[in-house]
Amino acid sequence: MVQNSTVVEIESGKIRGIYEDGLYVFKGIPYAAPPLGELRWMPPQPVIPWTGIRSAEEFGAICPQDTSPTPIPGRKPSEEPQSEDCLLLNVWTPGIDNGKRAVMVWIHGGAFTHGSGSTPVNPGRTLPDRGGIVMVTINYRLGALGFLHLKNVTNGDIPSAGNEALLDQIAALRWVKENISKFGGDPDNVTVFGESAGAESIGALLAMPQSKGLFRKAILQSGASKSQPVERAEKAAERYLEILGLSGRDAGVLRSIPTEKLVVAQTELVMTAGGFGPVRDGEILKDIPLDAVQRGSARDVIVMAGSNLEEGKLFNLLAGRKVLELTEEEMVRRVSQIVPEEYATSIIDQYRHALSHRDLPVTPFEIFVAITGDQHFRMPNIRLCEYQEKLGTPGYGYVFTWKSAAPDFGACHVLDVGFIFGNLNEEFHGCGSDAWKLVGHMQDAWIAFAKTDDPSCPGLGIWPRYGTERRMMILGSDSHVEIAPYEGERAAWDGIPNSVLG
6 MVQNSTVVEI
16 ESGKIRGIYE
26 DGLYVFKGIP
36 YAAPPLGELR
46 WMPPQPVIPW
56 TGIRSAEEFG
66 AICPQDTSPT
76 PIPGRKPSEE
86 PQSEDCLLLN
96 VWTPGIDNGK
106 RAVMVWIHGG
116 AFTHGSGSTP
126 VNPGRTLPDR
136 GGIVMVTINY
146 RLGALGFLHL
156 KNVTNGDIPS
166 AGNEALLDQI
176 AALRWVKENI
186 SKFGGDPDNV
196 TVFGESAGAE
206 SIGALLAMPQ
216 SKGLFRKAIL
226 QSGASKSQPV
236 ERAEKAAERY
246 LEILGLSGRD
256 AGVLRSIPTE
266 KLVVAQTELV
276 MTAGGFGPVR
286 DGEILKDIPL
296 DAVQRGSARD
306 VIVMAGSNLE
316 EGKLFNLLAG
326 RKVLELTEEE
336 MVRRVSQIVP
346 EEYATSIIDQ
356 YRHALSHRDL
366 PVTPFEIFVA
376 ITGDQHFRMP
386 NIRLCEYQEK
396 LGTPGYGYVF
406 TWKSAAPDFG
416 ACHVLDVGFI
426 FGNLNEEFHG
436 CGSDAWKLVG
446 HMQDAWIAFA
456 KTDDPSCPGL
466 GIWPRYGTER
476 RMMILGSDSH
486 VEIAPYEGER
496 AAWDGIPNSV
506 LG
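Using my numbering, you'd call the opening residue of the sequence shown number 6 and step up by one each time.
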């Protein structure tokens with residue numbers, strides 16, 4: 006491994022990175038001021054310029070999060086140092102020149118409560134190595150520090166809308182717009198891509214005027230629309246303060262609580278009252294993201310969106326044996342909790358028919374897994390493609406069908422990410438020649454989309470637009486294009502509002 010240092014001058018000062026095995030690498034670059042003290046729960050503030058040369062040779066801290074063992078087979082929990090001073094990004098580039106290379110910005114997933122731009126699970130050098138693009142990964146505030154709506158419960162003393170993390174992402178994208186040309190990137194050819202919470206973040210960005218002009222393409226993997234009404238966010242904030250043992254709403258007290266205590270309370274909140282995510286506060290995020298997209302909020306953004314065939318299996322298997330043994334009655338009750346009750350029986354019947362037609366199991370567990378996976382992930386991605394195409398903007402869809410090597414996991418949530426970053430493990434992904442062939446095909450398609458606005462590539466052939474025929478690329482052991490795949494399941498959601506999805 007050959008390393009040499011290199012210095013680049015950006016808007017806020019000079020930074021020293023390294024040249025390592027064919028790529029220039031810069032780590033831990035601040036894109037906003039540290040959100041400490043009075044800036045906790047505030048929108049990101051501009052970076053304070055520095056004098057001299059700042060080292061960018063090591064990753065900085067990740068944003069505070071629970072580091073309990075991960076439930077994904079073969080995946081180890083994070084051991085990276087944590088700090089609220091975490092608004093940092095990392096850059097990998099083939100050249101410090103005027104190359105005007107396509108830029109890809111990765112927004113990590115992790116249920117809005119964990120993850121980072123420096124996790125070894127998603128190595129940043131993979132795509133630049135293969136395709137000559139400039140790669141950027143970012144941190145953004147997580148959990149209670151990024152998505153807690155305190156504005157009303159503190160009578161405005163802490164004006165947080167619960168969307169500070171989205172504003173972090175916009176600040177990072179502004180940094181890219183202003184600085185990426187210094188790293189050989191083209192600020193006018195930026196693709197944002199992300200998975201799960203990262204994709205749902207991008208879905209929100211597509212609905213926000215503040216992000217206009219910061220990227221021209223977006224890849225959304227497993228998710229496209231997640232938001233909660235402000236009333237629910239307020240209740241979550243009240244419950245969070247109860248968990249912290251606070252009877253008052255003093256802003257100074259809240260800002261002085263140790264970070265570790267905030268993370269412990271946030272973990273309890275997730276377990277007892279649901280998770281975090283973007284808030285429809287009426288100012289930063291004004292509407293359900295898909296509704297905004299349908300009206301044209303992202304008319305100028307070319308999208309590529311898809312999901313894994315059996316998204317729900319990961320979550321339901323992790324819930325334990327009780328879910329595997331779900332009864333018909335319990336399944337109906339659970340489905341009635343996630344879709345309007347008048348639609349529940351019809352959706353169950355249509356899924357039962359669709360699964361049976363493909364000679365798949367039709368146990369209550371399998372039906373519930375299929376419905377919940379599509380509700381959270383597949384249907385938002387499909388509707389995103391549909392809405393863009395109706396506006397005349399290209400949309401490219403896919404379904405990832407590769408099955409996990411882990412028993413019963415199938416083509417589950419998060420399985421695809423290892424293929425994009427070429428980071429397979431035998432226990433979860435499988436590592437045979439077919440797996441590595443799919444890695445190459447998916448990487449080439451993602452890179453082609455970033456470079457040319459079209460994911461067609463030699464290994465996969467022509468990848469057509471979604472169009473009125475609902476054409477989608479099936480990514481698996483035998484990748485190919487299908488017209489309206491899994492149409493029975495898609496049609497089951499006709500007439501159901503976007504507020505139910507995600």
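Glycine included, each C-beta is placed from N, C-alpha and C at the ideal position.
A Cβ-Cβ separation of about 22 angstroms leaves residue 92 out of contact with residue 128 under the 8 angstroms criterion.
Residue pairing by DSSP puts residue 31 in a beta bridge opposite 96.
From the listed residues 499, 412, 185, the smallest Cα separation to residue 344 is found for 499. Residue state for residue 54 is assigned as coil, using DSSP reduced to three classes. Our two residues, residue 113 and residue 201, have alpha carbons roughly 8 angstroms apart in a direct line. Of all alpha-carbon atoms in 257, 234, 152, 435, the one lying nearest the alpha-carbon of residue 206 is that of 152. Sequence-distant Cβ neighbours of residue 64 in its own chain, meaning closer than 6 angstroms and more than five residues away, are 32, 33, 123. For residue 332, the CB contacts under 8 angstroms within the same chain, skipping 5 residues up- and downstream, are 369 in chain order.
The Cβ neighbour count for residue 438, taken over all protein chains shown within 10 Å, is under 16; the residue is labelled exposed. Under the three-state reduction of DSSP, residue 70 is assigned to coil, being neither helix nor strand. Taking 3 residues as the shortest admissible run, the segment 254 to 334 contains the following complete beta strand (DSSP E) segments, listed from N- to C-terminal end: 307 to 313.
In this structure, the alpha-carbon of residue 258 lies about 24 angstroms from that of residue 237. Beta-bridge pairing by DSSP links residue 223 to 197, 308. For the 8 angstroms CB-CB criterion, residue 476 and residue 488 form a contact. Counting only the Cα atoms, residue 387 lies some 27 angstroms from residue 410. Listed in chain order, the non-local C-beta contacts of residue 315 below 7 angstroms within the same chain comprise 374, 378, 415, 416, 417, local neighbours out to five positions each way being set aside. Membership of residue 405 in the beta strand (DSSP E) is indicated by the continuous run 400 to 405. Per the DSSP secondary-structure output, residue 142 pairs in a beta bridge with 95, 111. Sixteen is the threshold: when 16 or more other Cβ atoms of the shown chains lie within 10 Å of the Cβ of residue 140, as they do, the residue is buried. Excluding its 5 nearest sequence neighbours in each direction, residue 239 has C-beta neighbours in its own chain below 8 angstroms: 154, 157, 158, listed in chain order. Distance from the CA atom of residue 330 to the CA atom of residue 400, rounded to whole angstroms, is 39 angstroms. Assignment of residue 23 by DSSP, reduced to helix, strand and coil, places it in the strand class. The alpha-carbon separation between residue 372 and residue 360 amounts to approximately 8 angstroms.
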